[in-house]
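Take a look at the structure:
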């Protein structure tokens, strides 16, 4: 980031900047840094996601299919080897575990789903439906215990539209509950509360005045009829559309930004801003910083980056090493799976197969359907 890109109030001659002028400089610099960071972080995550998609996902898919192949091979041993009841139970657990692991990375086709249903007590579709209901109940309970809001989760599905509808409903219900709480807590205001409200009213009144004054100053500078250069005239026409829209919406942050860009192009002129207007600038700049911090958080936690979420808050070089480590891990797993498949398919010695089964059972962990659904 170059300092020339940052709006900065410069003290003339031996004058010292006021506290508000210094704060203005600090905030404008912070905004430029945050804007640049959002772009940089998004670009970083896009590059890491591309690396993950090109190198890791194919390996995950290959290994998922190998796990299914291993599960089928293990099931086929029942035709040539006589197992005890306990051994058959262990084989069943391994087959279900392999299928669950595989389905966390790929969606099963009809044949694979039928194979799962043959070995599982609950069908694949019923398990999905059951887990979805449990997750909805948990989410509804969390919302109720946190915000005191009762929601019928059957109104929302897992689609993007359903999630948007849920967010909108939550916002609506939260605002209602806040309004209800504020009404129930009405009591005699303290002098400090009254003073704070008066300050806010004065601040809002000043903002409204600023909206009109900034609009007028921008019209004077940007009115296309006063421009002879065709290219610049078109540019001003486009910017005037933004100015008019912002004025109609009383969008002070946008107007302030446009004013700083067009009325105060030269930093030497920024010292002419009155202290009252400077306070408004500072207020809006603080709001902008809050918005940018939220935007940065949303960028780092965006669902499209869920596969590389472990690398959201680390430098790109660390994320790159992490993904390359995953590549090596998946290749090792690929080799191990192929060796296991070869053992199960070719071995005629029950002991060799039982050694594999016993080792697997020792390391077998319970299947967590919530982990499975995260991939859908």
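Residue numbers (the numbering used here): 78 to 453. C-beta: ideal position from N, C-alpha, C; glycine also.
**Study point:** residue 225, buried or exposed, once every other Cβ within 10 Å from all chains shown has been counted against 16
**Key:** So residue 225 counts as exposed.
Review point. Under the three-state reduction of DSSP, which class applies to residue 326: helix, strand or coil?
Key: In the displayed model, residue 326 falls within coil according to three-state DSSP, outside both helix and strand.
Check your understanding: Would residue 88 be called buried (16 or more neighbouring beta carbons within 10 Å of its own) or exposed?
Key -> Taking every protein chain shown into account, the CB of residue 88 has fewer than 16 other CB atoms within 10 angstroms, so this residue is exposed.
Check your understanding: Fully enclosed by the segment 183-232, which alpha helix (DSSP H) runs are 4 residues long or longer?
Key -> DSSP runs (the alpha helix (DSSP H)) wholly in the segment 183-232: 187-196, 201-224.
Practice item. Below 8 angstroms CB to CB, which residues in the same chain sit around residue 115 once its five sequence neighbours on both sides are set aside? Key: The beta carbon of residue 115 sits closer than 8 angstroms to those of 369, 372, 373, 376, all from its chain and outside the five residues before and after it, given in chain order.
Review point. Does the distance from the CB of residue 98 to the CB of residue 86 come in under 8 angstroms?
Key: Contact flag set, yes.
Review point. Taking the C-alpha atoms as reference points, what is the distance between residue 363 and residue 310?
Key: Cα atoms of residue 363 and residue 310: separation of roughly 33 angstroms, rounded to the nearest angstrom.
**Study point:** Coarse secondary structure for residue 90, derived from DSSP in three states
**Key:** Residue state for residue 90 is assigned as coil, using DSSP reduced to three classes.
Check your understanding: Just how far apart, CA to CA, sit residue 203 and residue 411?
Key -> Cα to Cα, the separation comes out at about 30 angstroms.
Review point. Smallest Cα separation from residue 177: which of 163, 164, 196, 306?
Key: Answer by Cα proximity: 196.
Review point. Can you tell me whether residue 440 is buried or exposed, with buried defined as 16 or more other CB within 10 angstroms of its CB?
Key: By the neighbour-count rule (16 or more Cβ atoms within 10 Å), residue 440 is not buried but exposed.
Review point. Thinking C-beta only, is residue 126 closer than 8 angstroms to residue 385?
Key: Contact flag set, yes.
Check your understanding: What residues in its chain sit with their C-beta under 8 angstroms from that of residue 173, if we drop five residues either side in the sequence?
Key -> Answer for residue 173: 193, 196, 197, 444, listed in chain order.
Exercise for review: Pick out whichever of 358, 404, 124 has its Cα sitting closest to the Cα of residue 389.
Suggested key: The shortest C-alpha separation from residue 389 is found at 124.
Review point. What is the residue span of the alpha helix (DSSP H) that residue 371 lies within?
Key: From DSSP, the alpha helix (DSSP H) with residue 371 extends over 352-377.
**Study point:** Counted within 10 angstroms of its Cβ, other Cβ atoms place residue 365 as buried (16 or more) or exposed
**Key:** By the 10 Å Cβ count, residue 365 comes out buried.
Exercise for review: Check residue 288 in the structure and name its three-state DSSP category.
Suggested key: Secondary structure at residue 288: helix, using DSSP grouped into helix, strand and coil.
Review point. How many angstroms separate the CA atom of residue 169 from the CA atom of residue 175?
Key: Each residue's alpha carbon lies about 10 angstroms from the other.
Practice item. Give the single residue among 121, 132, 113 whose Cα lies nearest to the Cα of residue 73. Key: The requested residue 73 does not occur in the structure, where the chain is confined to residues 78 to 453.
Review point. Sorted by chain position, which residues of the same chain lie with C-beta nearer than 7 angstroms to residue 291's C-beta, five sequence neighbours on each side aside?
Key: The beta carbon of residue 291 sits closer than 7 angstroms to the beta carbons of 332, 333, 336 from its chain, once the five residues preceding and following it are set aside; these are given in chain order.
Practice item. May I ask you to report which of helix, strand or coil DSSP gives residue 80? Key: Confidence at residue 80 is low in this model, with a pLDDT of 41, below 50, so the placement of that residue should be treated as unreliable; the coordinate-derived value is given next. Reduced to three states, the DSSP call for residue 80 is helix.
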